[in-house]
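Peer 1: Here it is, the structure, as structure tokens.
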Amino acid sequence: MKIVLNPIKPALCDGRNDFHVLVRLQSEPDATLSRTPLNLVLVIDRSGSMGGQKLAEAKRCAIDLVHRMAPEDRVGMIQFDDDVDVVLDLQSVEAAMGVLQPAVSSIRANGSTNLHAGWLKASELLAPHAGGEAVCHVMLLSDGLANRGIVSPAQICHQVESLANAGVTTTTVGLGSDFNEQLMTAMAQSGWGRAHYGERAIDLAETFDAEMGLLTQLQWRSVTMRFTRSPSDLEMLNDYAQTDGRYQMPAIAVGSECWALVKMTHREALRQQHRQGYVLEVEVSAVDSAGERCNFRERLEVLPEVDQGDYDAIPSHELVQRRIDELRAAAIQLRIRDAALRGDWRAVEHILNELEDIGRREPWVASSIQFIRSLMHDRDQERMSKEMMYKSRKMAQRLASTNESDFNLNDDSRQAAFLRRKMAEGRRSEPGNSV
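Take 110 as the starting number for the sequence shown in the numbering used here and just add one per residue.
Right, here's the structure in full:
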């Protein structure tokens, strides 16, 4: 792993203004890299609302996903409504191929939504294999509200986090407009996984492609980061979960990087530099593709001290400024969501103007505004709530390409699905078309 520390400007001046540093945890080319073995259990909601095209597309995507796995990987499948059934016990993909089609075909829509029980059964299948070389991962698909069994988000997420700490991670996929996006995103955050959603059945395929593409190209997982002997006013601007001073960072695939933006005052950065001989020190721990725990450390070394006028004349680092804008946009999108849920559409329009200001210099932000305006025009609270929550999360926690450039829709659509910057998070990418 390579740790890159990019300051907003390569200098410091004495003052109380903010000084930003971008921390980038990058994959590196490795000709000896072996593919991480995968134990995957897919959990499919078969409640009554999943009938028709939703369930048909979910089943098609499930079969396609298994076909993309290696023969020695292991796969299982759970279906749930009021009750939970094991459609496919955890077994090698090679063995599963003979029974996959009839097993998936047997899934029928019926009943209510005991989401927790479905997730728990999948975790129980994986738990005996956790902690080894293989990734143990649950992928949960639901279109509804949890209304049977344990429904408390706090209780569910506590269990999800406990399993993640034990080596069983969780990704969630919400479908349609009726699922609980707060629960689904919280489960993904607690489970060290990804949160996806699709508005329509046709939006599922790209989501499955993104998740499988990432899982089959993992270079680093269980990534944690902490700052050692850092300025007293250091502030993390991303909303990564934190435990005992360590931030839980996204898993890193080949050709990608995860990132964090921190800020401090110039004055505190200078004090740290004078006291320690460097501005910032980062310590990272991660598990490699062979299941071995590795540790890394990097420092932002001494920066020249200049007066305010000279500092102001130095151009800002382009990528650092872009990340600042993305995090500002993420915060604005959550404010739009809150206003929409209150039914205050006048406030939505006012806040959207702030987003448009950022969009004038950030093409990715600009690309999403037409879709947001269409949701505002339709006074669609549910879709606005989901789009803003998922878009905000994507902007604040996404993996990026190690050689990412300015956003261009057609160029971006050729990236691996897990690296794409979509116009609308709930819609499949359609190059050259608006959403």
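For each residue, glycine too, the CB sits at the ideal point set by N, CA and C. From a predicted model like this one, the values you see are computed outputs, not experimental measurements.
1. Looking at C-beta atoms only, is the number of pairs between the region 275–290 and the region 237–255 that lie closer than 8 Å three or more?
2. The alpha helix (DSSP H) spanning Y499 covers which residue range?
3. Could you name the residues of the same chain whose beta carbon sits closer than 6 Å to that of E344, not counting the 5 residues immediately before and after it, in chain order?
4. CA-CA distance, S425 and L464?
5. Run through the region 398–433 for me and flag every whole alpha helix (DSSP H) of 4 or more residues, listed as ranges in chain order.
6. Determine the extent of the beta strand (DSSP E) in which G185 is found, giving its start and end residues.
7. Tell me the DSSP secondary structure of F288 in three-state form.
8. Terminal residues of the continuous alpha helix (DSSP H) containing Q524?
9. Using C-beta distances below 7 Å, list every residue in its chain close to V544, excluding the 5 sequence neighbours before and after it, in chain order.
10. Looking only at its chain, what residues have a beta carbon closer than 6 Å to the beta carbon of L254, apart from the 5 residues adjacent to it on each side?
11. May I ask you to list the residues that DSSP assigns as paired with T141?
12. Closest by CA to H225, which one among V208, D182, D487 and V269?
13. Are there 16 or more other CB atoms within 10 angstroms of the CB of P413, so buried, or fewer, so exposed?
14. Can you find the residues in the same chain that come closer than 8 Å, C-beta to C-beta, to L142, ignoring five residues on each side of it along the sequence?
15. Measure the alpha-carbon distance for V457 versus D466 and round it to whole angstroms.
16. I'd like to know if S214 contacts chain D, where contact means its C-beta is closer than 8 Å to some C-beta of that chain.
17. Below 6 Å CB to CB, which residues in the same chain sit around L234 once its five sequence neighbours on both sides are set aside?
18. According to DSSP, simplified to helix, strand and coil, what is L197?
19. Go ahead and pull the three-state DSSP assignment for V202.
20. My output table needs one value for S331: the three-state DSSP class, helix, strand or coil.
21. Can you list, in chain order, the residues of its chain whose CB lies under 6 Å from that of G302, leaving out five sequence neighbours each side?
22. Nearest CA to the CA of Q430: which residue from L131, D123, R125 and I112?
23. When you compare the CB positions of A304 and R502, do they come within less than 8 Å of one another, or not?
24. Check this for me: beta carbons of V213 and A243, under 8 Å apart or not?
25. Report yes if the C-beta distance between C266 and S215 is below 8 Å; otherwise report no.
26. Going by DSSP, what residue range makes up the beta strand (DSSP E) through A120?
27. Would you please state the rounded distance, in angstroms, between the beta carbons of N219 and D190? I believe it to be under 8 Å.
28. Over what stretch of residues does the alpha helix (DSSP H) that includes T316 continue unbroken?
29. Whole angstroms are fine: how far does the CA of W228 sit from the CA of P262?
30. Consult DSSP for L114 and reduce its assignment to one of helix, strand or coil.
31. Can you tell me whether DSSP reads G283 as helix, strand or coil?
32. Have a look at G452, D173, M493 and R376 and flag the residue whose alpha-carbon is nearest the alpha-carbon of R125.
33. Starting from the C-beta of Y499, find all residues in its chain whose C-beta is less than 6 Å away, skip the five residues before and the five after it, and write them out in chain order.
34. Tell me whether Q264 is buried or exposed, calling it buried when 16 or more other Cβ atoms sit within 10 Å of its Cβ.
35. Would you mind reading off the limits of the alpha helix (DSSP H) that contains F480?
Peer 2: The relevant details are as follows:
1. yes
2. Q490 to Q506
3. K372
4. 21 Å
5. 417–422
6. R183 to F189
7. coil
8. It is not in any alpha helix (DSSP H) - Q524 carries neither H nor E in the DSSP assignment.
9. Per-residue confidence for V544 stands at a pLDDT of 49, beneath the threshold of 50, marking its modelled position as unreliable; the derived number appears in the next sentence. F480, M532, A533 and R536, listed in sequence order.
10. N289
11. None, per the DSSP bridge assignment.
12. V269
13. exposed
14. Q328, V363 and S398
15. 14 Å
16. Structure shown: chain D not included; a single protein chain is present.
17. V150, G185 and L199
18. strand
19. helix
20. strand
21. T278, T279 and T280
22. L131
23. yes
24. no
25. no
26. First-last for A120: undefined, no H or E at that position.
27. 5 Å
28. L313 to L324
29. 13 Å
30. strand
31. strand
32. R376
33. Y306 and E534
34. exposed
35. P472 to H486
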